[in-house]
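The structure appears below as structure tokens.
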Amino acid sequence: MHLSTSNINRELDNTSGVSYQNQHRFVTSAVSNIPTVSPLITQSEPSIRQWNFSAFEWTVTRLHVLRNLVEYAPSTSGGSSSESVEEHEHEILRESPIIGDGKFKLEIARSTPDDFALSLHTKHPSSSTEESYTHTLSLFLTSLIVDIEYDVTIMVAIQTISDKGIEPGGAHLNWVWEHWQQNWKFCQGSEVWECSLPPLSTLLAHPRINETDSFILCVQIHSPVGPQFPQHPSAYYVPKDLLDGLEASLDNPHTGDRTFNNLSPTAAPTVPGGTILFPLARKRVIYAHSDILKRRSEYFHQMLNSSFSENSFNHWSGERKIHEIVIKEADFNTYCYANWVLFKDEDDPSEAVKHMGEGWSVKWLYDRPGREGREWEWDWKVFRRPDTDDAKDGSDSGSTSNSLGAVSSSAVSSPSLVSPPPPPSSSSTSISASSSTAKGTKGKTPTPILASTSMPSAVPRTNRRSSSSSTTTAGERSVSGGGNVPPRSPSTSARTGYVYPLSSRPIVKTLTSTQVSFHAQPHSQTLPLSPPGLIIPSGHVLQPPQSALAPTSIPDPHPHPMSEAPPASALSVWLIAHRIKPSTAFPFLLASSKWDELHDIIEDYVVNNWEDVCNSEEFIKCCEEMAVGEWKVVSSTQKALFLNVSGSKFESPARHAFRVKDGPNTSFSKKERTAQEIVCAFKEVGFVYLKEHGISSKIIKEAFEKNKLAWDGTFSPESLELIKQLDQTFSLADPRSNRGYVEPGRERVTQVSDPKQIAALRSKAPDSKESMEIGRDWDINYKNKWPSESDVPGFKDFMKDFFQTCHDLHTTVLSSVALGLGLEERFFDSYINEQYHNLRLLSYPSVKSSILKQEGQARAGAHSDYGTLTFVFQDSVGGLEVQNPHTKEFHPATPIDDTIVVNVGDLLARWSNDTLRSTLHRVVAPSTQAHNQEYTPKRQSIAFFCNPNGGANIACLPTCNPEKAKYPPITTEQYIVRRLTETYS
Ligand SMILES: O=C(O)CCC(=O)C(=O)O
Ligand SMILES: [Fe+2]
């Protein structure tokens, strides 16, 4: 054995003292080499350093077996650094413990050793060639917290097991090898640290290791603490106090240099009983900072650097200038300035969006000629529609505040809802002084918000996302990037067909601070930026409202900074939605999942612009965030999208959870569209989630309850016997029966067709599941065997009904497929009316996770199904995975409430000349399962395998290039019997 201390290479570093630069060494000494004190330390430097320290010991046994596996197993891919061995043959290669308070994952794998390890390499006595030694083990330490940079020193050592067994504390007396890594920084892009271990043959030359056939692997992670070793925050980590500081600058009259004069909307108030009356808004001033605005928004960047900038105006020397920006629509500042979009549960989007596109405007909160007094301009108002007479001519037709609304005066005057606020108190003058002038503001106390008590209180949910943090307090991520959405040409809504006014263009005027509150501004300074020709539904060209530019006559009575912003209404989200572009569409889609109507519109946009959306950076970011569970509220569509795009290498992913039961009034175009989408998904992925499929959740729930009865001991032994008897019949005699009970280990789904290979697979890694197979109950040749009625009342009737229900759905989905393939809608009907299907109740018993992790083991091995379509109803456990045909990677088909997973089977693929894809899938331990979870929980699923009629001739479909048919015609029965025989024989 080569033992040495001579190759310790100490490199002196002036700042941190001794460091061992990635050197391996063998030591026999008892000296600890933790470099706590530098020999170059000076008087001025602190003499004490602190380290956090976590240590981990891993006893590796069966070393000879491991050595043989690692060093003598053949190379599989000449020279790659990490090559697979039969991992299941040694536990150390399978396990990956989490250490250091969950911060690190430790793994050991076979690798090609680096030069140093090779130089330590000694020949195995029984080996004659060098090649047999070219592999060793490497240890991999992966940081699980890469969003924080983490400086560490790592030590890996190998220790013998002493006579007394494992000594407490990892005493280094018995270390036979150690390796130090100084100053390693775990961060994004550098998450894994690797270290080659000495060749196992070399270690086995150590008498004690050889004798005990084991050693202890010691891993220590040292992280410095204290000022000498700051844990540098990464770009992704912003200290909370910094964020708080930034937040405090929002609407701060002492520092802001811009005011936004905008609408502050509220949710439409409701009367008891929930009827929504009308939406309200009031004028608000919000102080902002041009520096932030410019950086947050390309639009403001251009605007504030342009000729409208402050430099073009005179101002009182020495006085801070405050420039006013009038925003015509609600909540713009909220998202633009701070990147906050707030949602609240009770928001009713359908109400909030009712008036969208109808010109809601801040102009209605401004100058109203003839109004007595001006104080009311700060009060809550009812929005009005611009197409009322009053709106058109701009005259004032009412005498109370409700004249601004389009709602009936009786509703508006409901005193409990909109009692006119008291006029501003004299203290508002002091407010205006404090909010408008930078000088002399100290000691002024803001006045409480006027009229706030008359408002229904909207309790905000606090799921606000700060501009630099990606999570929200409620765990939901709200829309990001909104502030970077520059105004753009209005787009036509596919749904409504009209053009929305460009909502984000502010009207700008610039005034001095004193002018903000007290003095009229010359209108000549106003710069309407709305582009010409914007059409509102009534057909009016939207002009910048002159009234919106009117000066403020009564000082702003609201306190600043304003209190916590109320949740954004659905209106503001709606507004955002109409500014969507490919780069922002996906987060909007995620954020809007609670509001069906809004969500549908964004979804349309995403689907129609899919290529651009999925190539955007924000989309990739969202996928990553979804993968780590940052988006808590995720709709089925998003999950489907995620399923289909995660890995993002599907050529062009399927995009929808589809509605197939659109009802009798469904227009042809909608049906067509669904058909196109389904066929598109079947071509690309072969799998879709089906929602709104028409099978009620009650029925599905009951199916699962009944399924459970078959496996939880409810069936009497007699009933089970009946079912098993049948199984024997068909197993031995006739696979066409395909009915009965299939015990664990009986089936081995696979793509392999050689019976010998299947048998070998079955004995080595059988599917760990059991199932009960049910066919059409009226078949004259093959009989379902049911449990006795007294044993499980209603079981048989329910399953028969369920069978019929699934058959009906098959007909519906195939009619959609027919349309999508350019066939007559009812093309398949006569091929599928005999219900030659198979209903499979599946149970996957709880199993030791380590078994499922073994090579080739699965709850159901990778396979494709045989028929036309399969409907898979899953419980919530998960584990179904779908293979990306291009990358061969498997992606989880995560259970989604109220959806059915539908996949194309081989016969439909064959029928369509492989236009539709029959994709490999499998059932394994759920991807969400914790690493160290000892048992994988039991799982239930129900699969309905749809087939064409037994005698149907499956020959290339007329629209699928029959002149280039890849397969000869075959009947369903011939094909399925062949496959079943392979699977069970
Ligand atoms: O249990 C599942 O989720 C799928 C089962 C399956 O693919 C099959 O039985 O063919
Ligand atoms: Fe399957």
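Residues 3 to 987 in our numbering are what the sequence shown lists, from first letter to last. We put the beta carbon where it would ideally sit given N, CA and C, even for glycine.
Straight-line CA distance for aspartate 398 to proline 557? As a first step, residue 398 is located in the sequence shown; it is residue number 396 there, counting from the start. As a first step, residue 557 is located in the sequence shown; it is residue number 555 there, counting from the start. Here the model assigns aspartate 398 a pLDDT of 31, short of 50, so the residue's position is not dependable, and the following value carries that caveat. Distance between the alpha carbons of aspartate 398 and proline 557 is about 23 Å.
To the nearest angstrom, report how far apart glutamine 856 and tyrosine 833 are at their CA atoms. Here residue 856 refers to the residue found at position 854 of the sequence shown. Here residue 833 refers to the residue found at position 831 of the sequence shown. Their backbone Cα atoms lie some 42 Å apart in a straight line.
State yes or no: is the C-beta of isoleucine 776 within less than 8 Å of the C-beta of phenylalanine 800? By one-based count along the sequence shown, residue 776 stands at place 774. By one-based count along the sequence shown, residue 800 stands at place 798. Their beta carbons are not under 8 Å apart, which means isoleucine 776 does not touch phenylalanine 800 by this criterion.
Taking the continuous beta strand (DSSP E) assigned at histidine 923, which residues delimit it? Taking the sequence shown and counting its residues from 1, one reaches residue 923 at position 921. Counting along the chain, the beta strand (DSSP E) containing histidine 923 begins and ends at 923-925.
Could you tell me which residues DSSP puts in a beta bridge with tryptophan 179? As a working note, residue 179 is residue 177 in the sequence shown. DSSP, once it has assigned bridges, lists Ile160 as partnering tryptophan 179.
Taking a cut-off of 6 Å, which residues have a beta-carbon closer than that to any heavy atom of ligand 2, in chain order? Every residue passing the under-6 Å Cβ criterion appears here: His865, Asp867, Thr872, His923.
Please report the straight-line C-alpha distance between aspartate 246 and asparagine 254, rounded to a whole angstrom. Here residue 246 refers to the residue found at position 244 when the sequence shown is read from its first residue. Here residue 254 refers to the residue found at position 252 when the sequence shown is read from its first residue. In a straight line, the C-alpha of aspartate 246 is about 13 Å away from that of asparagine 254.
Separation of asparagine 185 from histidine 291, as counted between CA atoms: Here residue 291 corresponds to residue number 289 of the sequence shown, with the count starting at 1. Here residue 185 corresponds to residue number 183 of the sequence shown, with the count starting at 1. C-alpha separation (whole angstroms): 41 Å.
Does the stretch 841-850 come close enough to the stretch 892-909 that 3 or more CB-CB pairs lie under 8 Å? Output reads no: the stretch 841-850 does not touch the stretch 892-909.
Would you give the residue range spanned by the alpha helix (DSSP H) that asparagine 212 belongs to? On the sequence shown, residue 212 is found 210 positions in, with the first residue counted as 1. Counted as a single uninterrupted DSSP element, the alpha helix (DSSP H) harbouring asparagine 212 occupies residues 209-214.
Alpha carbons only, please: which of Trp612, Leu591, Glu605, Leu219 is nearest the one belonging to cysteine 624? On the sequence shown, position 622 is the one that residue 624 refers to. Looking at Trp612, Leu591, Glu605, Leu219, the one whose alpha-carbon comes closest to that of cysteine 624 is Leu591.
Does at least one heavy atom of ligand 1 sit under 7 Å from the Cβ of arginine 741? If you number the sequence shown from 1, residue 741 lands on position 739. Closer than 7 Å to some heavy atom of ligand 1: that does not describe the Cβ of arginine 741.
Looking at ligand 1, does it come within less than 7 Å of valine 925, judged from the CB to the closest heavy atom? Your numbering for residue 925 matches position 923 in the sequence shown. Yes; taking the cut-off as 7 Å, the Cβ of valine 925 has a heavy atom of ligand 1 nearer than that.
C-beta atoms of alanine 927 and serine 851 nearer than 8 Å: Position 925 of the sequence shown, counted from the start, is the residue given in the question as residue 927. Position 849 of the sequence shown, counted from the start, is the residue given in the question as residue 851. Contact flag set, yes.
Closest Cα partner of histidine 863 within the set Glu883, Tyr743, Phe873, Pro897: The residue labelled residue 863 in the question sits at position 861 within the sequence shown. What sits at residue 863 in the sequence shown is glycine, not histidine. Put simply, of Glu883, Tyr743, Phe873, Pro897 the residue whose alpha carbon is nearest the alpha carbon of glycine 863 is Glu883.
From the DSSP secondary-structure annotation, give me the bridge partner or partners of leucine 910. One-based indexing of the sequence shown puts residue 910 at position 908. Beta-bridge pairing links leucine 910 to no other residue.
Considering just the uninterrupted stretch of the beta strand (DSSP E) at glutamate 196, what are its terminal residues? Start at 1 with the first residue of the sequence shown, and residue 196 comes out as number 194. Glutamate 196 -> beta strand (DSSP E) spans 194-198.
May I have the straight-line CA-CA distance separating proline 887 from serine 920, to the nearest angstrom? Counted from its first residue, the sequence shown places residue 887 at position 885. Counted from its first residue, the sequence shown places residue 920 at position 918. Rounded to whole angstroms, the separation of the alpha carbons of serine 920 and proline 887 is 10 Å.
Nearest to alanine 677 by CA position, among Ser817, Phe717, Lys710, is which residue? Here residue 677 refers to the residue found at position 675 when the sequence shown is read from its first residue. Of the listed residues, the one whose Cα sits closest to alanine 677 is Ser817.
Does the stretch 197-209 touch the stretch 66-73, meaning 3 or more C-beta pairs lie closer than 8 Å? Because the criterion of three Cβ pairs below 8 Å is met, the stretch 66-73 and the stretch 197-209 touch.
Return yes when the C-beta of glutamine 876 is under 7 Å from any heavy atom of ligand 1, and no when it is not. As a first step, residue 876 must be located in the sequence shown, where it is residue number 874. Within the cutoff, so yes.
Starting from the Cα of histidine 865, find the closest Cα among Asp153, Lys966, Arg981 and give me that residue. Residue mapping note: residue 865 aligns to position 863 of the sequence shown, counting from 1. Cα-wise, what sits closest to histidine 865 is Arg981.
Would you say the beta carbon of alanine 929 comes nearer than 7 Å to a heavy atom of ligand 1? Start at 1 with the first residue of the sequence shown, and residue 929 comes out as number 927. One point to set straight first is that residue 929 is serine, not alanine, in the sequence displayed. Not one heavy atom of ligand 1 falls within 7 Å of the beta-carbon of serine 929.
For ligand 1, I want to know if tryptophan 862 counts as a neighbour, meaning its beta carbon is within less than 7 Å of at least one of the ligand's heavy atoms. Taking the sequence shown and counting its residues from 1, one reaches residue 862 at position 860. According to the sequence shown, residue 862 is alanine rather than tryptophan. Distances from the CB of alanine 862 to the heavy atoms of ligand 1 include at least one below 7 Å.
Looking only at DSSP bridge pairs, what is glutamine 931 linked to? Here residue 931 corresponds to residue number 929 of the sequence shown, with the count starting at 1. BP columns for glutamine 931 are empty, so no partner.
Residues sharing a beta bridge with asparagine 905, DSSP: In the sequence shown, the residue the question calls residue 905 occupies position 903. Phe689, Thr872, per the DSSP bridge assignment.
Check each candidate in Arg828, Pro719, Pro960 and name the one with the smallest Cα separation from proline 789. Walking along the sequence shown from the start, residue 789 turns up at place 787. For proline 789, the nearest C-alpha among the options comes from Pro719.
For a quick check, are the C-beta atoms of threonine 257 and valine 287 less than 8 Å apart? On the sequence shown, residue 257 is found 255 positions in, with the first residue counted as 1. On the sequence shown, residue 287 is found 285 positions in, with the first residue counted as 1. No. Outside cutoff.
For the candidate residues Asp215, Thr155, Glu151, whose alpha-carbon lies nearest to that of isoleucine 223? As a first step, residue 223 is located in the sequence shown; it is residue number 221 there, counting from the start. The shortest CA-to-CA distance from isoleucine 223 to any of Asp215, Thr155, Glu151 is the one to Thr155.
Looking only at its chain, what residues have a beta carbon closer than 6 Å to the beta carbon of glutamate 196, apart from the 5 residues adjacent to it on each side? If you number the sequence shown from 1, residue 196 lands on position 194. Around glutamate 196: Ser140, Phe142.
For my contact list, serine 770 and arginine 861 are in at a C-beta cut-off of 8 Å; report their separation, rounded to the angstrom. Residue 770 sits at position 768 when you count from the first residue of the sequence shown. Residue 861 sits at position 859 when you count from the first residue of the sequence shown. Contact between serine 770 and arginine 861 holds: their C-beta atoms lie close to 5 Å from each other, under 8 Å.
Among the residues of its own chain, which have a CB less than 7 Å from the CB of isoleucine 147, if the five just before and after it don't count? To locate residue 147, count along the sequence shown from 1; it is residue 145. Cβ neighbours of isoleucine 147 beyond the five flanking positions: Lys105.
Length at least 3, wholly inside the stretch 793-874: the beta strand (DSSP E) runs in chain order: Counting only runs of at least 3 residues, the stretch 793-874 fully encloses the following beta strand (DSSP E) elements, listed from N- to C-terminal order: 840-846, 862-865.
Heavy atom of ligand 1 less than 7 Å from the Cβ of serine 943, yes or no? Here the question's residue 943 lines up with position 941 in the sequence shown. Relative to ligand 1, the nearest heavy atom lies less than 7 Å away from the CB of serine 943.
Isoleucine 702 lies in the alpha helix (DSSP H); which residues open and close that run? Working through the sequence shown from its first residue, we reach residue 702 at position 700. Run containing isoleucine 702: 699-713, per the alpha helix (DSSP H) assignment.
For the beta strand (DSSP E) that contains glutamate 883, what are its first and last residues? Counting from 1 along the sequence shown, the entry for residue 883 is found at position 881. First-last of the beta strand (DSSP E) with glutamate 883: 882-885.
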